[in-house]
Amino acid sequence: MTMTLHQAGLTGASTSVSYQGLTPRQQDAFHRALKAAAQATNVWHIKDIHEFTAAALDIDLPHNDELVECSCEMCPDACDRIAPLSLCAEYLDGDTQRPQCPACADDHRITSD
Ligand SMILES: [Zn+2]
Ligand SMILES: [Zn+2]
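Numbering of the sequence shown is given in this note's numbering, commencing with residue 9 and proceeding in unit increments.
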């Protein structure tokens, strides 16, 4: 299934976007933002970074939420969707919690046990 990114109006923000569908500038902004968020020590600063990044990527991010990249292992082609953490399912990979985007969780949810 392919989703086409079209010009979103004021009410047209998506709940998730494909990394490949981003412009090089948006991909760059996303990487820098994640790096900045990883280095930030102030939780409000981290929230701000995620909020600004969501706006730059045209994602509808719920308040106090975070952007994550899908780490689904079930997709034949690695899934590259970026979505709000609260909408993602999470599964345990060893000791690490990994997010699975809403589309993947609907289609082939990974359960830890
Ligand atoms: Zn998947
Ligand atoms: Zn996914």
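Cβ atoms here follow ideal geometry from the backbone N, Cα and C, with glycine treated the same way.
(1) Report buried or exposed for residue 100, applying the criterion of at least 16 other Cβ atoms within 10 angstroms of its Cβ.
(2) Whole beta strand (DSSP E) runs in the segment 44 to 112 with 3 or more residues, listed along the chain?
(3) Is it the case that the CB of residue 115 approaches a heavy atom of ligand 1 more closely than 8 Å?
(4) With three or more C-beta pairs closer than 8 Å as the rule, is the segment 47 to 54 touching the segment 114 to 121?
(5) Alpha carbon to alpha carbon, how far is residue 24 from residue 66? Give it in angstroms, no decimals.
(6) Take residue 60 as the anchor and find which of 104, 39 and 86 has the nearest alpha-carbon.
(7) What do you reckon, is the C-beta of residue 111 under 8 Å from a heavy atom of ligand 1?
(8) In the DSSP assignment, what residue or residues form a beta bridge with residue 22?
(9) Which residues in the same chain as residue 68 place their Cβ atom closer than 7 Å to its Cβ, once the five residues preceding and following it in sequence are excluded?
(10) Quick one: is residue 32 buried, meaning 16 or more other Cβ sit within 10 Å of its Cβ, or exposed?
So, from the data block:
(1) One-based indexing of the sequence shown puts residue 100 at position 92. Flag for residue 100 reads exposed.
(2) 75 to 77, 89 to 92, 97 to 101 and 104 to 108
(3) Position 107 of the sequence shown, counted from the start, is the residue given in the question as residue 115. Under cutoff, so the answer is yes.
(4) Because the criterion of three Cβ pairs below 8 Å is not met, the segment 114 to 121 and the segment 47 to 54 do not touch.
(5) The sequence position of residue 66 within the sequence shown is 58, counting from 1. The sequence position of residue 24 within the sequence shown is 16, counting from 1. Taking the straight line joining both Cα atoms gives about 9 Å.
(6) As a first step, residue 60 must be located in the sequence shown, where it is residue number 52. Looking at the Cα atoms, 39 is the closest of the given residues.
(7) By one-based count along the sequence shown, residue 111 stands at place 103. Ligand 1 approaches residue 111 closely enough that one of its heavy atoms is under 8 Å from the residue's Cβ.
(8) Here residue 22 refers to the residue found at position 14 when the sequence shown is read from its first residue. 67.
(9) For this step, residue 68 is matched to residue 60 along the sequence shown. Hits under 7 Å: 21, 22 and 23.
(10) As a working note, residue 32 is residue 24 in the sequence shown. It is exposed - the Cβ of residue 32 has fewer than 16 other Cβ atoms within 10 Å.
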